[in-house]
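Some notes on the structure that comes next.
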Amino acid sequence: MKMNPKISVIVPCYKQAHFLDESLQSILDQTYENWECIIVNDGSPDNTDEVADKWVKKDSRFKYLYKENGGLSSARNAALKIVTGDYIQFLDSDDILVETKFSDSLNLIHDKEAIVVSNFCLFDDSDKHKLLPPFCKLSQDLLNFESILYQWDFTFTIPIHCGIFPKSLFETIGFNEKLKAKEDWLFWIQIAQKNINFIYLNAHLALYRKHATSMSRDRKHMILYQMLFYNEAEKVISNSDFNKLLLKHLDVNYNKVNELTIEIRNLKESNTFKLFLFLKKMIKNMGLLNLSKTLLNLTLKFRK
């Protein structure tokens, strides 16, 4: 690794201008100073441009890129075309980096092709000082192709800002712009296929925002996105790996269906469900008005 390498930080922003100051401040606060930050306005209808302009004027290491809205992957890819650094750090506009993220990561790199993956923790949307445990446990033995392909979502996921990547990787790899979900997973799969050296840094240097309100997509769309992911994954991994992946997911979903079937059977055998059926039958046979009178009479009778 060359002395004093430059880190290019890519921060896409769409409808999150209200978080952007915090995110960019965490970059400015880095103890390692040789960096540039590309703020990508992905056609956001809010005041992202005003916030970005303030930071560009504040420090020349911040640069601004506007593009028509195309999604997270296209925003990252657009920035990758203009970066000038030796290493790439991705940061979503609502997340934060600990001030030693760059320096601690670079201290571990002796091979320029290595990827350093730090640990992370959550922070509360309403209180950035309230740190919460991560939603999964990362470790060195998970940073390989097999684990990333077959255990992703079941055992762990890796927030994208945990990693620092050599720029040379992106000569042949980018983010799939067809995907609106699981794009990070496909990216990590492609990276891991290269048998690159992963270095795990067990320090909570990436902070992942836990939002007070969930913005998760509806189930129908998530199923469609999952199917689209399979289509795209089939193009970048071997047939044998793809078949194993499908079998793994088939097995997991089969077990989930079995669990739901047992829950439904137990529900049908419960006294609550039996009472529900009884009341439903009474309503059907007597009509709601007659049922109300009957229940009232029963109540008065038992009060005597």
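One rule links them: number in the working numbering = place in the sequence shown (from 1) + 13. Think of the CB as a built atom: it goes at the ideal place given N, C-alpha and C, for glycine as much as any other residue. Since we're looking at a predicted model, the values are computed, not measured.
Straight-line spacing of the CA atoms in PRO25 and ALA246 works out to 24 Å. Comparing C-alpha distances from GLU35 to each of ASP59, ALA194 and LEU110 shows the shortest one belongs to LEU110. Taken through DSSP and simplified to helix, strand or coil, ILE171 comes out as coil. Looking at HIS31, PRO146 and LYS28, the one whose alpha-carbon comes closest to that of LEU218 is PRO146. By the neighbour-count criterion, in which 16 or more other beta carbons inside 10 Å mark a residue as buried, LEU263 falls on the exposed side.
Around the Cβ of ASN157, a 10 Å sphere holds fewer than 16 other Cβ atoms; the residue is exposed. DSSP places LYS80 in the uninterrupted beta strand (DSSP E) bounded by 75 to 80. Residue environment for PRO172: buried (at least 16 other C-beta atoms within 10 angstroms of its C-beta). Within the segment 25 to 110, the runs of beta strand (DSSP E) at least 3 residues long that lie entirely inside it are, in chain order, 48 to 55, 75 to 80 and 100 to 103.
By the criterion of a C-beta distance shorter than 6 Å, VAL69 is surrounded in its chain by PHE75 and TYR77, once the five residues flanking it on both sides are discounted.
Between PHE133 and LEU144, the C-beta spacing is not below 8 Å. By the neighbour-count criterion, in which a residue is buried when 16 or more other Cβ atoms sit within 10 angstroms of its Cβ, ARG278 is exposed.
If you compare the alpha carbons of PRO18, ASN60, LEU41 and GLN153 with that of HIS123, the shortest gap goes to PRO18. Between TYR221 and LYS193, the C-beta gap is not smaller than 8 Å, which leaves the two residues out of contact.
The C-beta separation of PHE200 from PHE188 comes to about 6 Å, placing the pair in contact by the 8 Å criterion.
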